[in-house]
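Heads up: the structure comes next, in structure tokens.
Residue numbers (the working numbering): 5 to 427.
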């Protein structure tokens with residue numbers, strides 16, 4: 005295994021100077037990593053927050069930096085320098101499998117192919133020039149690919165992908181900075197220095213870091229409300245998802261079979277293909293022409309309008325409206341309003357109060373511990389905080405959007421129709 009020298013530093017607006025070594029510099033200079041410059045972190049949220057045009061590349065660097073911050077503590081906990089370097093590489097590479105406009109491509113294309121961006125991340129690490137660089141420095145490619153997606157049987161996996169991880173810490177800080185929204189401020193150093201090793205797993209020691217942890221969880225909740233599920237952000241998002249999905253389903257656009265074909269695709273690629281289609285819209289099948297219409301509207305910032313919104317609090321965490329019911333409800337509303345079906349969209353982003361994606365662990369499962377008589381004992385997070393206990397549960401937001409030209413028609417029928425469908 006080659007010894008690693010510090011290559012230099014990269015100036016980051018969120019974390020300041022980020023030190024990288026020769027191995028990390030070599031990985032950063034690969035095509036798959038440089039491609040992340042051309043993929044926006046927040047998709048088309050810049051239509052609502054003009055500063056939100058930051059990239060997955062910057063986020064990857066920020067996650068590497070937080071792995072470095074955590075690294076000094078992990079060494080104290082008995083992890084080796086080799087394990088820390090593997091952790092740093094996994095942090096740097098954790099998003100290399102993202103498609104155009106980040107999660108949009110996963111929602112519109114990858115899901116139909118039975119793929120996830122995590123699966124593509126592992127494939128890219130194992131099958132591209134990244135593999136050769138990692139092996140040349142004596143590290144195990146399979147191990148790093150598994151750790152980068154939180155799938156390695158290691159205590160470190162939870163810090164890459166878990167209810168509390170360095171990925172979430174950076175995106176809160178970074179998205180807050182670039183949107184100008186103040187809710188994402190988190191004391192990351194305090195949190196990472198509170199990591200302890202208990203029964204060969206990692207946990208945060210409480211009550212020492214309780215206030216910092218409460219701040220982290222509340223920041224996630226506020227950022228989801230103010231940014232990620234902001235009604236205008238979601239309007240632009242669902243329009244682009246619908247356009248890409250329709251173009252994919254009816255013309256095979258954005259399909260791929262090889263990893264090299266996938267890596268060609270970035271935000272600009274998708275925009276160019278949709279723009280080219282729009283030029284020949286009159287010659288296309290109806291559904292592809294609709295995709296072109298949606299994209300043309302986005303370019304002019306003619307967004308769908310929110311005509312109805314309801315918030316349903318539940319403890320179960322089950323979607324109020326599943327995909328089948330959502331499609332049925334869209335059809336009924338469109339029929340009653342006498343408008344075309346594509347002009348009505350139901351949006352049901354399920355947000356736990358300490359928000360949570362169905363594919364990720366429950367935030368209430370954040371491992372915490374307490375020292376008693378010199379021994380660390382695992383505890384439940386809600387044992388320490390009434391505030392966190394009060395935020396438990398899920399907020400299922402049901403929104404109905406319509407094409408701006410038919411807004412009044414849809415508003416006349418939407419409330420009564422939606423309420424008849426809700427449980």
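The C-beta atom is built at its ideal place from N, Cα and C for all residues, glycine as well. From a predicted model like this one, the values you see are computed outputs, not experimental measurements.
Leaving out five residues on either side along the sequence, give the residues of the same chain with a beta carbon under 6 Å from the beta carbon of residue i.
i	result
residue 274	104
residue 364	Caution is warranted here: a pLDDT of 46 is assigned to residue 364, below 50, making its placement in the model unreliable, and the coordinate value is therefore given only provisionally. None.
residue 209	198, 200, 373
residue 333	350, 425
residue 27	8, 141
residue 189	none
residue 410	343, 347
residue 94	148, 151, 152, 164
residue 61	40, 41
residue 154	161, 164, 165
residue 252	113, 258
Tell me the DSSP bridge mates of residue i?
i	result
residue 379	376
residue 20	16
residue 199	208
residue 103	106
residue 351	403
residue 312	404
residue 342	BP columns for residue 342 are empty, so no partner.
residue 444	Residue 444 lies beyond the range of the chain shown here (5 to 427); nothing can be said about it.
residue 283	Answer is none; residue 283 lacks a bridge partner.
residue 59	44
So residue i and residue j are supposed to be a Cβ contact under 8 Å. How far apart are they, rounded?
i	j	result
residue 374	residue 381	6 Å
residue 178	residue 45	7 Å
residue 199	residue 74	7 Å
residue 167	residue 370	5 Å
residue 18	residue 181	5 Å
residue 51	residue 305	6 Å
residue 282	residue 299	6 Å
residue 245	residue 111	5 Å
residue 240	residue 307	6 Å
residue 98	residue 67	6 Å
residue 170	residue 71	6 Å
residue 311	residue 243	Residue 311 to residue 243, Cβ: 15 Å. No contact.
residue 33	residue 65	That belief does not hold up - the Cβ atoms of residue 33 and residue 65 are roughly 13 Å apart, past 8 Å.
residue 88	residue 96	In fact, because the Cβ distance is near 13 Å, the residues do not count as touching under 8 Å.
Applying the 10 Å Cβ sphere with the 16-neighbour rule, what's the burial state of residue i?
i	result
residue 172	buried
residue 37	buried
residue 213	buried
residue 41	exposed
residue 10	exposed
residue 227	buried
residue 206	buried
residue 286	exposed
residue 211	exposed
residue 271	buried
residue 80	exposed
residue 20	exposed
residue 335	exposed
residue 284	exposed
residue 379	exposed
residue 84	exposed
residue 384	exposed
residue 47	buried
residue 394	exposed
residue 276	exposed
residue 184	exposed
residue 106	buried
residue 101	buried
residue 122	buried
residue 406	buried
Among residues of its own chain, excluding the 5 on either side of residue i, which ones have a beta-carbon nearer than 8 Å to its beta-carbon?
i	result
residue 417	337, 340, 341
residue 159	201, 204, 205, 206
residue 263	124, 127, 128, 131, 132
residue 219	189, 190, 191
residue 13	21, 22, 23, 24
residue 302	48, 51, 240, 243, 244, 247
residue 35	132, 133, 267
Let me check you understand the geometry: is the CB of residue i closer than 7 Å to at least one non-hydrogen atom of the ligand GDP?
i	result
residue 281	For the ligand GDP, the structure offers nothing, since it holds no ligand at all.
What does a CB cutoff of less than 7 Å around residue i pick up in its chain, not counting 5 residues either side in sequence?
i	result
residue 250	291, 292, 294, 295
residue 145	129, 130, 135, 138, 139
residue 345	334, 335, 338
residue 39	267, 270
residue 90	143, 147, 148, 151
residue 194	213, 216
residue 25	8, 9, 10, 11
residue 174	63, 66, 67, 70
residue 254	289, 291, 292
residue 419	312
Inset, instruction - Enumerate, from N- to C-terminal direction, the unbroken beta strand (DSSP E) stretches of 3 or more residues contained entirely within the region 113-149. - result: none
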